[in-house]
Every structure is written in C-alpha cells, then in structure tokens.
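Report on one structure; see the data block that follows.
Protein chains in written order, with our numbering: chain A, 12 to 191; chain B, 819 to 988.
Written out as structure tokens, the structure reads:
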C-alpha cells in the first residue's frame, strides 16, 4: 500500500517540479557560499574582539568589527593601524592589536608598566612587525613574545559595526593616539 | 543580442569556475611549484630534465590540516618565510612545540616554544631553514605537501620521514 503511494508520488507532477526547483536552487546556493568564502578569505572579514587589551579603543564586551585583507596583501599597512593578528603561540587564535613599528624601525617599550618605569629599545628585524595593545597594563603582545612575522598579519580592522552606538570608522583614533 | 547573451553566459560560467577554483584551493587542495634544491632527494632531485632543461616538481598542497594545526614529525609543509612574507618555502618539520632540539653549529639545546615548530630542509648543505632563523610560528604554515603532481614520471606520494631517520642519516 505504502509503496504504491510512494510510486504515485514519485510520478506526480509536484515531485517533478520540486526536483526541478532543487536542481535550480542548489547550484545557486553553492555559488553564493563559495563567493562568501572567497570574499571572507581575500577581501573582507568580520571579527569579534573582546577582552581588556585594546581598552580605550575597543570595549571589554564583544565588538564586532570589519577587517579588510587587501592592505595586508599589498604592504599598505602603516604604524598606528589596528590589525588582526594570528597569535604566534596559539595558531588558531586571532588577536586585535595596534601596529607600533614596522621592520627596521626602533621601538621603545615599557617592560613591566605595572611595577616599574623600566623601558627598553629594540630594532624590529626584517620581515617582522611590533604589535601592542592600547591598554599596555593588560595586554599579551610583542612585549611578551617579541616581534611577530609579517605573515601572521591577517587584515586591518577599520570599521566597527557593533555595538550600534559606536558604528563607524576606527581610523579617527590614530591621530589622537600618536599625539598623546 | 544573441552574441551578447552568449558572452554574458560565458562570463558568468567563467566567474563561477574561478570562484569555485579559488575556494577549493583555499580550503582543500592547491598546487605549488618547488623551487631550488633545498629538499633535494625528496623534491627536485635534479634528475628530471626535458631537452636539457631542468623541470621543477609541482606538488599538491593539502589545506585541511589548517583547521586544527595538528602536524606530526616528518611532515613536509609550505610556509611563508618569517623574514619576507611574500616568499614561500617548503621544508620538513623536525620538531614540534615543547620538544628539545640540538643545533649543530652552536652545540646548544633549544626548547621549541609553544605554537612553534622547527623546520629543516632534506638537503642540509643548501637550505635556508630554522637553523638560520630559528623556530617558526605554526601560523605561518600554509599547507602540507602530500603528493608530487608533475612531471609524470615522478607522480607519487611524498613520504613522511621520522626524526630517527633524519638523525641517523645526518
């Protein structure tokens, strides 16, 4: 009995239409997902940053930001940009930090700002960059693991989309920061 | 009108194929040429030539291992050079995080830091590897070399060699 119903259903016009629709929709969905993935790996990506390390700029709670990968690829990054970096210690972790020095530049940093005023100056080696969080008191950055290879930079964070009241570009803090 | 729509459908198909190709080469498997002789007995042995010209090996690079960064001893990996991010090198992993490695010229023992690995070329005489620039972060690794794809007479798997082999052969 059931098999007869199934056979009738398979022969019916509705089933054929559904099949036609599926074969029409599936390639489109696949294409869309591929486009999305390619855009994500080569052009733009969305990143969620949280934690205290970038405090005046990015808040403690989750901040949803847009990062672009083009300036990383074509060497257009400059000192003061906020970048998305793959952590050198935990490869599947991504951090948001600020570029403090490019290769060949010298950088002066506080070794332990909580307890002492001791500072050190080093020259960033070839092919590396120096990254620091804006909140130097609570940030796990180049002061701990040294300069990071340029290849670990994943993109430049340039636009905040969440929370909505702070929606907008992140570049305006750049000038203010270098003055203070 | 007919030529225009034909052109449009051709462009559409071309774009689709391109996007799918890029997606596959990003996420699953890509092809890369091998330059230089730093991996010499395994890749580019210098025996294949065509009309007097040396032919470089082309290898398949598997990207699935980047999901969890799990590597084992003897894996041949592609990574971007720590001193110039545009260069890509192919070397063999000889030590993983937390292990100790002896460097040959300084007679020193060094612990690999967390999230790093030690890479060396098979042909140690002409290879720029961790012995000159130190351990590299695993984040620089871009894929694992699994097969030689070209030239046809060299098609085959790239075998894993464990550290025991490397020590005894050196």
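Where is the CB? At the ideal position from N, CA and C, for every residue including glycine.
CB of residue i within 8 Å of CB of residue j, strictly
{"i": "residue 162/A", "j": "residue 152/A", "result": "no"}
{"i": "residue 944/B", "j": "residue 938/B", "result": "no"}
{"i": "residue 883/B", "j": "residue 913/B", "result": "no"}
{"i": "residue 94/A", "j": "residue 108/A", "result": "yes"}
{"i": "residue 96/A", "j": "residue 133/A", "result": "no"}
{"i": "residue 102/A", "j": "residue 952/B", "result": "no"}
{"i": "residue 76/A", "j": "residue 17/A", "result": "no"}
{"i": "residue 841/B", "j": "residue 33/A", "result": "no"}
{"i": "residue 138/A", "j": "residue 100/A", "result": "no"}
{"i": "residue 71/A", "j": "residue 164/A", "result": "no"}
{"i": "residue 875/B", "j": "residue 954/B", "result": "no"}
{"i": "residue 845/B", "j": "residue 888/B", "result": "no"}
{"i": "residue 63/A", "j": "residue 131/A", "result": "no"}
{"i": "residue 870/B", "j": "residue 978/B", "result": "no"}
{"i": "residue 181/A", "j": "residue 68/A", "result": "yes"}
{"i": "residue 877/B", "j": "residue 852/B", "result": "yes"}
{"i": "residue 949/B", "j": "residue 921/B", "result": "yes"}
{"i": "residue 918/B", "j": "residue 929/B", "result": "yes"}
Neighbour list for residue i in chain B, Cβ cutoff strictly below 7 Å
{"i": "residue 161/A", "result": "903"}
Distance between beta carbons of residue j and residue i, contact taken as under 8 Å
{"i": "residue 969/B", "j": "residue 873/B", "result": "5 Å"}
{"i": "residue 927/B", "j": "residue 911/B", "result": "In fact, because the Cβ distance is near 18 Å, the residues do not count as touching under 8 Å."}
{"i": "residue 879/B", "j": "residue 976/B", "result": "That belief does not hold up - the Cβ atoms of residue 879/B and residue 976/B are roughly 10 Å apart, past 8 Å."}
{"i": "residue 59/A", "j": "residue 146/A", "result": "Wrong, their Cβ atoms sit about 18 Å apart, outside the cutoff."}
{"i": "residue 80/A", "j": "residue 56/A", "result": "7 Å"}
{"i": "residue 834/B", "j": "residue 42/A", "result": "6 Å"}
{"i": "residue 140/A", "j": "residue 168/A", "result": "Not really, about 15 Å apart at Cβ, beyond 8 Å."}
{"i": "residue 940/B", "j": "residue 858/B", "result": "6 Å"}
{"i": "residue 839/B", "j": "residue 961/B", "result": "At roughly 16 Å, the Cβ-Cβ gap does not stay under 8 Å, so residue 839/B and residue 961/B are not in contact."}
{"i": "residue 931/B", "j": "residue 915/B", "result": "7 Å"}
Within chain B, the residues that residue i reaches when beta carbons sit closer than 8 Å
{"i": "residue 103/A", "result": "886, 887"}
{"i": "residue 49/A", "result": "837, 840, 841, 844"}
{"i": "residue 138/A", "result": "899, 900, 901, 902, 903"}
Endpoints, beta strand (DSSP E) assigned at residue i
{"i": "residue 139/A", "result": "139–143"}
{"i": "residue 120/A", "result": "117–121"}
{"i": "residue 74/A", "result": "74–79"}
{"i": "residue 940/B", "result": "Taken as a continuous stretch (DSSP letters only), residue 940/B belongs to no beta strand (DSSP E), as it is neither H nor E."}
{"i": "residue 966/B", "result": "959–968"}
{"i": "residue 838/B", "result": "No beta strand (DSSP E) holds residue 838/B; the alpha helix (DSSP H) holding it covers 820–845."}
{"i": "residue 909/B", "result": "906–913"}
{"i": "residue 55/A", "result": "55–60"}
{"i": "residue 951/B", "result": "Here residue 951/B belongs to no beta strand (DSSP E); instead the alpha helix (DSSP H) covers 948–951."}
{"i": "residue 876/B", "result": "876–880"}
{"i": "residue 897/B", "result": "894–898"}
Residues sharing a beta bridge with residue i, DSSP
{"i": "residue 83/A", "result": "In the DSSP output, where bridge partners are listed per residue, residue 83/A has none listed."}
{"i": "residue 926/B", "result": "921/B"}
{"i": "residue 868/B", "result": "871/B"}
{"i": "residue 974/B", "result": "966/B"}
{"i": "residue 8/A", "result": "Any answer about residue 8/A is impossible in this case: the structure gives chain A only from 12 up to 191."}
{"i": "residue 932/B", "result": "Residue 932/B is not bridged to any residue."}
{"i": "residue 173/A", "result": "75/A"}
{"i": "residue 130/A", "result": "121/A"}
{"i": "residue 160/A", "result": "139/A"}
{"i": "residue 954/B", "result": "935/B"}
{"i": "residue 850/B", "result": "877/B"}
{"i": "residue 112/A", "result": "141/A"}
{"i": "residue 179/A", "result": "171/A"}
Enclosing alpha helix (DSSP H) for residue i [first to last residue]
{"i": "residue 17/A", "result": "13–22"}
{"i": "residue 156/A", "result": "153–156"}
Contacts of residue i in chain A (Cβ-Cβ under 8 Å)
{"i": "residue 957/B", "result": "97, 98, 99, 102, 162, 163"}
{"i": "residue 932/B", "result": "100, 101"}
7 Å Cβ cut-off: residues of chain A touching residue i
{"i": "residue 838/B", "result": "45"}
{"i": "residue 898/B", "result": "162"}
{"i": "residue 834/B", "result": "42"}
Closer than 9 Å at the beta carbon, the chain B residues around residue i
{"i": "residue 52/A", "result": "840, 841, 844, 845"}
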